[in-house]
Each structure stands twice: as structure tokens, then as C-alpha cells.
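Residue numbers (my numbering), protein chains in the order written: chain U, -17 to 275; chain Y, 14 to 298.
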């Protein structure tokens, strides 16, 4: 789509666009290009010189046991976060949609966690499950279960998944609720007249009508769990124990800033860049489709 | 008839009560972590380190919040709150201004290189800061912008989501308005300030809510570039309050800080709920 009516001149628009172009160039394109460039080198330990290795960093990464493990960890983590954040959200949205009065009050209460930063969410959940003072871990102990996410990788994963999914329940709830509200009441009522009970109506009519929203949320939640959960992991587990919660973004950070392995960290950035690119393509393809609906 | 069908679809009687009960349980479960943090911020340290901690607020509210705000652990939390405020407002305002300007240029002018600019800006949609942290850090360090507000703000406004939104919105402004302005001999910037900006104010407000929360909740970037505690933001500063090694954390103060860290974004979200939901739905389109 284009405007038919436009203004003349080129100096003014170039000046108008200049701030954004400048900031994007300096803080975006140059660093991104640097990441690609650095991924082709191995710096010496003192940072004085570097050696060109071509795709050597990538070859190393793809055969590296730890990097592969991190890929798998990320996959498990993002699937779990997506499920744990979407299913309760859908359930709550269906409940809220059945209410004639009061849905707004519940919505206001449910929005809260969205505003809580992932890193703060991490601290809250860490506090509940802390091995020394945590309330939940204490009660688990009373029940005979010895909770220790500091040593147990599975428990650590469970904790970062729940802490990451928690705030997203609000987000997904808002989208599901909005989508449910826009399902035509006449369709539902017609099915009700035909004798379809609530769950049958839900699975045969409502859920298919929600599929654009569901698909959209799937993509967005996967992107979220890939890139925005760093704060949760850093506050709760720092990637441990034994790297069992080291997702890809965390590894870029720990190899680049803690391990000072710039070549490998840059190569990891480039790989992530490709992953984001693919996810974006999926997202836009889908959005194109939705526009045509 | 219509009424009866309505009754079949929207529950009444027992079903309605059950729905309310389930909903309340859901809200309580989701709220529990926040409630517990609040309780922990109102009791004393001995009450927490001897589990289980109480489930109702204690009487140390003022002491704990005073200790957090004015002494903190490394730096007073008031300082971190101020840094977060500058960062969040800076990101929101900065991004809105540069985006309004460039979207106006892209929509209302035909100039050489316009398409290239458009696609270059479009590309920035794809790369979260987490992916390019090492080189971006080097750029910011090279400019001497570590431990500065500009270092906290500028790298995070280099993305085009807002530009995209404004472009979509500008395309819906009727051509007649620009036509009339042109016939009247109005300069483009007059048109921009008198017509386009006022018409965009709902979008601007919605975007402000989203960007404020985005900026306030940043973690990784401030963690990297603010090595001086005086420049810490509150969201990243909480982690720094935990002692290294085996010392026991000062839980009441840390939890008071967590509550303080969530109050501004929660207030923004709740008070501007309608705008926020609109902004959220728009910006994800």
C-alpha cells in the first residue's frame, strides 16, 4: 500500500530518517556485522592478535558435545514453557468468557504477572523454592520429598520453566480472552440449540476458530523462551547444575563474557541469528495469511 | 427463545458459581508468588530463616522498605529506581520520536533510497539485543558509554517495531488531509505537527506503555554495561544483592526491593489497561 498524495523534496525526508538510520547503523548493523566477522576468527588468549579459521568455529560448535546439549536443553525448555504458559491461559480464558459479569475484574488481577520482569519473577520463584528458606520446598520436605534444584538438573529445569511461564500466562490469557470474545455468539447458540454440550462445542467449534490465535501464540512464546528468559535463568540457576539449564542465549553470554571465548560466542550469535530469522519468516508468513482471512 | 439459548451458553446457577470458584483459585495460584514476596517484605529476617515463614504480613513493613530504599545492599534502592525510570522513559520517548519521524518520511515522501531504508529498518525487527551482545558491548565501550544513561538507552532503541506500527497507522490517514494541507501551501512539518502527531496520540500512548515496560524490565543489557553500582537498574540490581558464598541473603530487604521493582510497571499496566491491551495486540501484529 502506498500513499497517492506525497510531499516533494528529498533533503527533509532524509533528515527525518537520519536519526533512526544512524542509531540502527551504529548499534545494530555494525555489531551484527562484527558478530559475523568475529565468528570467522580465533583470538589469542591475550586478545592481541587473531587467527582466521573460516568456518572453523562453526564446525567446532556443531560437533561440540556441550553445544549440542545446549540445543537440546533449549528445545525442551521452550516446548515446556510454551505448554505451561498456554494451557492454563486457555483454561482461564474459557472460564472468564463464560462469565457475564466480573470478567473485567479477573482480567485486571491476571494482568499483574505480565508486568513483572522475568528476572524479578526468577527471584520470587527462587525464594519459594530456596533450599534453606523456601516455603514450598519446606512443605515438600515435610511430605518427604527432598527438593534441591541446586543439585538436581531436572528440578532446576522445572523451576526455570515455571518461573518463565508464569508471567506469560497473563499475556496468553489476554490474547485467548480477546479471541474468545470475538467468536460469534450466534454460532455457539446454534450449536447449543442442536444439543451440543459445552465441551463438544468447545472442541468442535471454539478451538478451531481460535487456531489463528493459538498458532500466533505458539510462535511468540517460542521466541520469548529463546530470548527473553535470560533473566530467569541467570537469577535462579546460572545455567547449572552441570549446564542442565544452559539455553543457547545463556551460552552466548557465558562463553562470551565469562569465558572470554569471543570467536565461539560470535559464531553462536550467528547461529541464533539464523534461528531468529527462520522464526520471523514463519511468523510473517502466518501473519500474511491471517490478513487475507 | 433467545433468552433460553443464552442461558444454555452462558452459565447460571451452579455452573456460574463453579466458574467463579475455579477462576478465583486460578487467580490465587497465579498471585501466590507476589503475595509471598509481599509478606516476606514485612517480616524480620529470623522469621524467614526459620521455615516455614508466616503466611500473613508482619509488622516490619516500614523498617524493611526504609532499609531497602535508603541503604540497600550495594547501593540505595532509591538510586536504582531512579536509574530504571530514566532508562525506561528514555527508551520509550526516544523510540517514539525517532519512529514518528522516520515513519513520516517513509510514508509521505518519495526520495532516492527510500526502499533501501525501509528494508534496512525492517531487518532490525529480527535481532534481539541478546543475540548481538558482545559486539554491541564493544561499540558502547568504544564510545565510553559504559555506566551511562546513553549507553543504557541507545542500543535498545535501535529496532523498528515502532516505526512499523506508525507506518501502518499513517497509511490509514485519509489522503484528503494531506491534499488539503498541500493546497493550502502548508509545509510538510506543519502538516506533521498539526495533523499527523495529534491523530497518532492514542497509538503513541499505547506504545509508551509497551515500551516503558520493555525498558523497565531489561536485565541482560544493564547487567553488562553498568559495572558501577551507582548506575544499576533495579531489575538487574536485585541479583547483585545476593551474597556470594555461604552467607544468608537479607531476604526482607531483597523482597522489599522485588516489590518496589514491580510497582511502576504494574501501575502503568493496570491504570492504562485498555491502551495496554490495544498496544500489545497492535505491536504483535
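Here a beta-carbon is modelled for each residue, glycine too, at the ideal position from N, C-alpha and C.
Check: Top-ranked residue by Cα proximity to residue 96 (chain U), from Y:279, Y:120, Y:66 and Y:199; Outcome: Y:279
Check: Exposure label - residue -6 (chain U); buried when at least 16 CB within 10 Å; Outcome: buried
Check: Within chain U, partners of residue 167 (chain Y) - CB distance below 9 Å; Outcome: 5, 8 and 9
Check: Cα-Cα separation between residue 179 (chain U) and residue 66 (chain U), rounded to whole angstroms; Outcome: 27 Å
Check: Span separating the alpha-carbon of residue 251 (chain U) from that of residue 100 (chain Y); Outcome: 25 Å
Check: Assumed close pair residue 13 (chain U), residue 152 (chain Y) - CB separation to whole angstroms, cut-off 8 Å; Outcome: 6 Å
Check: CB contact below 8 Å: residue 70 (chain Y) versus chain U; Outcome: no
Check: Neighbourhood of residue 145 (chain U) by C-beta, 7 Å cutoff - its chain only, sequence neighbours within 5 removed; Outcome: 103, 104, 107, 214 and 218
Check: Straight-line gap, residue 44 (chain U) to residue 228 (chain U) (C-alpha atoms, nearest Å); Outcome: 16 Å
Check: Proximity of residue 281 (chain Y) and residue 196 (chain Y) at Cβ, strictly below 8 Å; Outcome: no
Check: Cα-Cα separation between residue 168 (chain Y) and residue 238 (chain Y), rounded to whole angstroms; Outcome: 11 Å
Check: For residue 33 (chain U): DSSP bridge partner residues; Outcome: U:24
Check: Chain U within 8 Å of residue 223 (chain Y), Cβ atoms only; Outcome: no
Check: Cβ neighbour criterion (16 or more within 10 Å) applied to residue 127 (chain U); Outcome: exposed
Check: For residue 124 (chain Y), three-class secondary structure by DSSP; Outcome: coil
Check: 8 Å Cβ cutoff met for residue 173 (chain Y) and residue 291 (chain Y); Outcome: no
Check: Where residue -11 (chain U) falls: helix, strand or coil (DSSP); Outcome: strand
Check: Straight-line Cα distance separating residue 116 (chain U) from residue 19 (chain Y); Outcome: Here residue 19 (chain Y) scores only 49 on pLDDT, less than 50, and its place in the model is too uncertain to base an answer on.
Check: Residue 262 (chain U) versus residue 246 (chain U) - alpha carbon distance; Outcome: 24 Å
Check: Top-ranked residue by Cα proximity to residue 182 (chain Y), from Y:158, Y:119 and Y:126; Outcome: Y:119
Check: Chain-ordered neighbours of residue 98 (chain Y) on chain U, where CB pairs are closer than 7 Å; Outcome: Result: empty, since nearest Cβ-Cβ is about 14 Å, beyond 7 Å.
Check: Under 9 Å by beta carbon: chain U residues contacting residue 252 (chain Y); Outcome: 101, 104, 105, 213, 216 and 217
Check: C-beta atoms of residue 2 (chain U) and residue 112 (chain Y) nearer than 8 Å; Outcome: yes
Check: Burial state of residue 128 (chain Y) (16 or more Cβ within 10 Å); Outcome: exposed
Check: 9 Å Cβ cut-off: residues of chain Y touching residue 47 (chain U); Outcome: Those within 9 Å of residue 47 (chain U) in chain Y number zero; the least Cβ separation is about 23 Å.
Check: Same chain, Cβ closer than 7 Å to residue 149 (chain U), neighbours up to 5 away in sequence not counted; Outcome: 95, 96, 98, 100 and 103
Check: Where residue 20 (chain U) falls, given that 16 or more other Cβ within 10 Å makes a residue buried; Outcome: buried
Check: Contacts of residue 242 (chain Y) in chain U (Cβ-Cβ under 7 Å); Outcome: Residues of chain U passing the Cβ test: none, with the nearest at roughly 16 Å.
Check: Pair within 8 Å by beta-carbon distance, residue 109 (chain U) and residue 268 (chain Y); Outcome: yes
Check: Rounded distance between the beta-carbons of residue 163 (chain U) and residue 79 (chain U), thought under 8 Å; Outcome: 7 Å
Check: Residue nearest to residue 262 (chain Y) in terms of C-alpha spacing, selected from Y:49, Y:59 and Y:29; Outcome: Y:59
Check: Secondary structure of residue 82 (chain U), DSSP reduced to three states; Outcome: coil
Check: Under 9 Å by beta carbon: chain Y residues contacting residue 94 (chain U); Outcome: 43, 44, 47, 275, 279, 282 and 283
Check: Chain U residues whose Cβ lies nearer than 8 Å to that of residue 299 (chain Y); Outcome: A question about residue 299 (chain Y) goes unanswered here, because the residues of chain Y that appear run from 14 up to 298.
Check: 4 or more residues per run - each alpha helix (DSSP H) lying fully within the region 189 to 271 of chain U; Outcome: 189 to 209, 212 to 218 and 230 to 235
Check: Beta-carbon proximity check, residue 6 (chain U) vs residue 133 (chain Y), cutoff 8 Å; Outcome: yes
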